[in-house]
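Asks: Protein chains in written order, with the numbering used here: chain A, 5 to 220; chain B, 5 to 220.
There are 2 protein chains.
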Amino acid sequence: MSRVRVHNFSISLDGFATGEGQSADAPFGHAGHRLVGWMKATRFWHELGVVEPGEETGSAGVDNAFAERFGPGIGAEIMGANKFGPPGWQDDPQWRGWWGENPPFHTPTYVLTHRPRPALAMDGGTTFHFLDATPQDALAVAREGARGQDVRIGGGPGTVRQFLAAGLVDHLHAVQVPILLGRGVRLWDGLEGLEQHYRVEAVSSPGGVVHLTFSR
Amino acid sequence: MSRVRVHNFSISLDGFATGEGQSADAPFGHAGHRLVGWMKATRFWHELGVVEPGEETGSAGVDNAFAERFGPGIGAEIMGANKFGPPGWQDDPQWRGWWGENPPFHTPTYVLTHRPRPALAMDGGTTFHFLDATPQDALAVAREGARGQDVRIGGGPGTVRQFLAAGLVDHLHAVQVPILLGRGVRLWDGLEGLEQHYRVEAVSSPGGVVHLTFSR
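Set out below in structure tokens:
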């Protein structure tokens, strides 16, 4: 059976996975880029090609080891509407996601929204499909799209939390960043006792973050 | 200048320092003893004498190294009313704290309450003083009692948070335990940007917890 995985999911010390005030200019709201700084410093990020040539190549230590697990074995991604675009993107028929013409997913990618639209084929193997479905039903569709490979739940926090609450996630990799955001959307709300269903590990990195894994 | 320190302050992954439903039978509410299990496994705890003779002596690794910092250099403790007793202890003139006749503080210990009562001298050097005061004023009194040594803020979470928000804490040692409590009293609420005033470190322990230190 293919597994359901979450990778590189950053949260603040106080548990927020995104800040307040998300917009086209601020995908993470007042959090800015502080939650993803650890990943931008890795070789993984540099090899995604999102970095200008000539910049540093990035670290290859523990942060990178975790970061690189993002892609291998993944055959599809599911993301929530709030990850695909800023508030109101559903009203913009031209919106094609945050990531330009070659998004970093390279698989079928299922966007959960109450207002589906026709599929969007991008460069590099990513096709966005738009689904109005429960987590269970969306997962069944994504598993077909993944052709036996694993399905990644890409976020945002509300979507990850829904899949966790429904018992659908086999592997969660959350990265705790040493900042206090104070406000935004929390990952852990309503998940009392979640650890009882998983083996939980925490490892601190010289980069200052803590990698938390829940696996079963 | 004497410093203000917090030690061995356990929180869940979702940030709760105590559970819901605190009572005389359940000092941490539904959290039970899960938040303090890491400390009970240390040599520090065994040497406090709270363990039956003949039991294991406890670990002497990183968890113990942090735990042992609780006492040295401390000349006084400040605690909130919710740490001193279960809800309603103010109505019980016989209540002498949770800790028996020889509490583990061994210094003047200032209990913040809106209903002060006469001081209580216990065995082993602990005297409980009851103060209706702001954090700043309580700290001034405790510093006198500490005679040049440091002052420990002993909790609960509301009290630690108040002292943090007022900028009064020089060293915070919080211990993140890999459980999700879901409900209770959070440590981090309302502390956006706290990390900017501190050097923050996180270290994971083989025991499964993460030691977070905020120091300045």
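By construction, the Cβ of each residue, glycine as well, lies at the ideal position given by its N, Cα and C atoms.
Using a Cβ-Cβ cutoff of 8 Å, what residues of the region 94 to 119 of chain A are near chain B? List them in chain order.
Replies: Those residues of the region 94 to 119 of chain A that come within reach of chain B (Cβ to Cβ, closer than 8 Å) do not exist; the list is empty.
Asks: CB-CB under 8 Å to B:Arg220, same chain, minus the five flanking residues each way: which ones, in chain order?
Replies: Correct list, in chain order: Asp174, His175, His201, Tyr202, Arg203.
Asks: Report all residues from its chain with a CB closer than 6 Å to the CB of B:Ala144; omit the five preceding and five following residues, and keep chain order.
Replies: Cβ within range, chain order: n/a, list empty.
Asks: Report yes if the C-beta of B:Trp102 is less than 6 Å from at least one heavy atom of the ligand ZN; otherwise report no.
Replies: As far as ligands go, the structure on display features none, and thus does not contain the ligand ZN.
Asks: Does A:Arg225 come out as helix, strand or coil in the three-state DSSP assignment?
Replies: Beyond the ends of chain A as shown, which are 5 and 220, falls residue 225 of chain A; an answer cannot be given.
Asks: Between which two residues does the alpha helix (DSSP H) containing B:Asn106 stretch?
Replies: It is not in any alpha helix (DSSP H) - B:Asn106 carries neither H nor E in the DSSP assignment.
Asks: Mapping the DSSP letters down to three states, classify B:Ala71 as helix, strand or coil.
Replies: Reduced to three states, the DSSP call for B:Ala71 is helix.
Asks: Could you name the residues of the region 194 to 210 of chain A whose beta carbon sits closer than 9 Å to any beta carbon of chain B, in the order they occur along the chain?
Replies: If the cut-off is 9 Å between Cβ atoms, the region 194 to 210 of chain A has Gly194, Leu195, Glu196, Gly197, Leu198, Glu199, Gln200, Val204, Glu205, Ala206, Val207, Ser208, Ser209 near chain B.
Asks: Measuring only the C-alpha atoms, how far is A:Ala169 from A:Leu195?
Replies: Roughly 6 Å separates the two Cα atoms.
Asks: Determine the chain B residues that contact A:Thr182 at a beta-carbon separation under 7 Å, and present them in chain order.
Replies: Note on identity: in this sequence residue 182 of chain A is Pro, with Thr being the wrong assignment. Simply Glu199, Val204, Ala206.
Asks: Measuring alpha carbon to alpha carbon, tell me which of A:Glu72, A:Phe20, A:Val214 ends up nearest A:Arg47.
Replies: With distances taken between Cα atoms, A:Arg47 lies closest to A:Glu72.
Asks: With DSSP run on the structure shown, which of helix, strand or coil describes A:Met126?
Replies: Coil, per DSSP.
Asks: Is B:Met83 helix, strand or coil by DSSP?
Replies: Three-state result, B:Met83: strand.
Asks: Within a Cβ cutoff of 7 Å, which residues of the same chain sit near B:Ile183, ignoring the five residues on either side of it in sequence?
Replies: Answer for B:Ile183: Ser16, Leu17, Arg38, listed in chain order.
Asks: Closer than 7 Å, Cβ to any Cβ of chain A: which residues of the region 147 to 181 of chain B, in chain order?
Replies: Residues passing the 7 Å Cβ filter: none.
Asks: What is the C-beta distance between B:Pro210 and B:Gly65, in whole angstroms, given that I count them as a contact (C-beta under 8 Å)?
Replies: The Cβ separation is near 7 Å, so the contact holds.
Asks: Using a Cβ-Cβ distance under 7 Å, would B:Asp136 count as near chain A?
Replies: Not one chain A Cβ lies under 7 Å of B:Asp136.
Asks: Terminal residues of the continuous beta strand (DSSP E) containing A:Pro139?
Replies: Careful: A:Pro139 lies outside any beta strand (DSSP E), inside the alpha helix (DSSP H) at 139 to 150.
Asks: What does B:Ser212 reach in chain A if we use C-beta pairs closer than 9 Å?
Replies: With the sequence shown as reference, residue 212 of chain B is identified as Gly, and Ser is not the correct amino acid for it. In chain order: Val204, Glu205, Ala206.
Asks: Whole angstroms is fine: what's the gap from A:Phe13's alpha carbon to A:Ala178's?
Replies: Rounded to the nearest angstrom, the two C-alpha atoms are 5 Å apart.
Asks: What residue range is occupied by the uninterrupted beta strand (DSSP E) comprising B:His215?
Replies: Taken as a continuous stretch (DSSP letters only), the beta strand (DSSP E) holding B:His215 covers 214 to 219.
Asks: Drop a sphere of 10 angstroms on the beta-carbon of B:Ser27, count the other beta-carbons inside from all chains shown, and report buried for 16 or more, exposed for fewer.
Replies: Exposed: under 16 other Cβ atoms inside 10 Å.
Asks: Report the rounded CA-to-CA distance for B:Arg7 versus B:Asp154, giving the unit in angstroms.
Replies: Going by the C-alpha atoms only, they are around 5 Å apart.
Asks: Classify A:Asn86: buried if its beta carbon has 16 or more other beta carbons within 10 angstroms, exposed otherwise.
Replies: Counting Cβ neighbours within 10 Å, A:Asn86 comes out buried, since at least 16 surround it.
Asks: Just tell me which of A:Ala69, A:Gly89, A:Trp49 has its CA closest to the CA of A:Gly62.
Replies: The shortest Cα separation from A:Gly62 among A:Ala69, A:Gly89, A:Trp49 belongs to A:Trp49.
Asks: Just the chain B side, please: which residues come within less than 9 Å of A:Leu39 by C-beta, in chain order?
Replies: Near A:Leu39 there are no residues of chain B at all, since even the closest Cβ is about 13 Å away, more than 9 Å.
Asks: Would DSSP call B:Arg119 helix, strand or coil?
Replies: Reduced to three states, the DSSP call for B:Arg119 is coil.
Asks: Name the residue from A:Pro161, A:Leu185, A:Phe32 whose alpha carbon lies nearest to the alpha carbon of A:Leu191.
Replies: Of the candidates A:Pro161, A:Leu185, A:Phe32, the one whose C-alpha sits nearest the C-alpha of A:Leu191 is A:Pro161.
Asks: What residue range is occupied by the uninterrupted beta strand (DSSP E) comprising B:Leu168?
Replies: Element bounds for B:Leu168: not the beta strand (DSSP E) but the alpha helix (DSSP H), 161 to 169.
Asks: Which stretch, first to last residue, makes up the beta strand (DSSP E) that contains B:His11?
Replies: Its beta strand (DSSP E) spans residues 8 to 16.
Asks: Considering only residues of the same chain and omitting the five flanking positions on each side of B:Phe134, which have a CB-CB separation below 6 Å?
Replies: Answer for B:Phe134: Val115, Thr117, Pro120, Arg121, listed in chain order.
Asks: So for A:Val173, helix, strand or coil by DSSP?
Replies: If DSSP states are grouped into helix, strand and coil, A:Val173 belongs with coil.
Asks: Expressed to the nearest angstrom, what Euclidean distance is found between the alpha-carbon atoms of A:Leu52 and A:Gly104?
Replies: If you take the alpha carbons of A:Leu52 and A:Gly104, they lie about 13 Å apart.
Asks: Of all Cβ atoms in chain A, is any one closer than 7 Å to the Cβ of B:Gly36?
Replies: No, its Cβ sits nowhere closer than 7 Å to a Cβ of chain A.
Asks: Please list, in chain order, the chain B residues whose beta carbon lies closer than 7 Å to that of A:Trp192.
Replies: Within chain B, the residues near A:Trp192 are Leu17, Asp18, Leu184.
Asks: Using the DSSP secondary-structure output, state which residues sit across from B:Thr61 in a beta bridge.
Replies: BP columns for B:Thr61 are empty, so no partner.
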